[in-house]
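Once you know that position 43 of the sequence shown is 43 in full-length UniProt numbering, the rest is easy, because the numbers rise by one and skip nothing.
Below you'll find the structure, written out as structure tokens, and then a few comments.
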Amino acid sequence: MNAEKKFYVTKEVAADTITVYLHGELDLSMAPEMRADLEPYVNQTGRGLILNLKDLKYIDSTGIGIIILILKQRDALGASFHVAEIPSKIQRLFDITGITQYLLPNSGKSSVERKEDII
């Protein structure tokens with residue numbers, strides 16, 4: 001992790017996907033930075049969007065809310081979105097809050113069904 005920042009984002013852009021890697025601790029104080037970093041990619045419908053959480057150490061309810069907002073925006077656009085490499089302690093939090101089923105690409109639900117469930 002970058003020694004100066006408790007949270008930062010890196011990106012990998014390919015022809016058909018944009019992978020955004022979250023590093024460090026995502027909390028209320030870092031939420032504006034995450035929103036600013038992701039904004040250019042959320043509305044791009046020509047590419048799938050993947051959030052890779054492999055290096056995310058902590059996430060609070062604000063961070064979870066941002067992920068849900070991205071999911072809703074991508075679903076409204078009919079654009080692909082999922083979360084990858086979720087650390088076990090964050091996975092547990094997602095399971096407890098009930099959002100896991102909406103974040104995984106093979107959840108068994110179409111984006112329309114997911115959207116209806118989370119509204």
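We put the CB at the ideal spot given by N, CA and C, even for glycine.
Only a predicted model underlies this, so the values are computations on that prediction, with no experimental measurement involved.
Buried or exposed (CB count within 10 angstroms, at least 16 for buried), residue i
i: Ile-90; result: buried
i: residue 120; result: Nothing can be reported for residue 120: it is not among the residues displayed for the chain, which extend from 1 to 119.
i: Leu-93; result: buried
i: Ile-67; result: buried
i: Ser-13; result: For the sequence presented, residue 13 should be read as Val rather than Ser. Counting Cβ neighbours within 10 Å, Val-13 comes out exposed, since fewer than 16 surround it.
i: Gly-63; result: buried
i: Gly-108; result: Note on Gly-108: pLDDT 48, under 50, position unreliable in the model; the coordinate value appears next. So Gly-108 ends up on the exposed side.
i: Val-112; result: The predicted model places Val-112 with a pLDDT of 48, which falls under 50 and marks its position as unreliable, so this point remains unresolved.
i: Asp-95; result: exposed
i: Asp-75; result: buried
Per DSSP, the bridge partner or partners of residue i
i: Val-13; result: Ile-18
i: Ala-84; result: Asn-52
i: Ile-59; result: Leu-26
i: Gly-7; result: According to the sequence shown, residue 7 is Phe rather than Gly. Per DSSP, Gly-24.
Short Cβ contact (8 Å threshold) for residue i with residue j
i: Leu-71; j: Tyr-41; result: no
i: Gly-53; j: Leu-22; result: The residue you asked about is not Gly; residue 53 is Leu in the sequence shown. Contact flag set, yes.
i: Asp-60; j: Leu-28; result: yes
i: Asp-37; j: Val-83; result: no
i: Gly-34; j: Lys-6; result: First, the amino acid is wrong: residue 34 is Met here, not Gly. Going by C-beta atoms, Met-34 is not nearer than 8 Å to Lys-6.
i: Thr-17; j: Gly-48; result: yes
i: Thr-45; j: Gly-78; result: yes
Anticipated Cβ contact below 8 Å, residue i with residue j, distance rounded
i: Tyr-58; j: Glu-25; result: 4 Å
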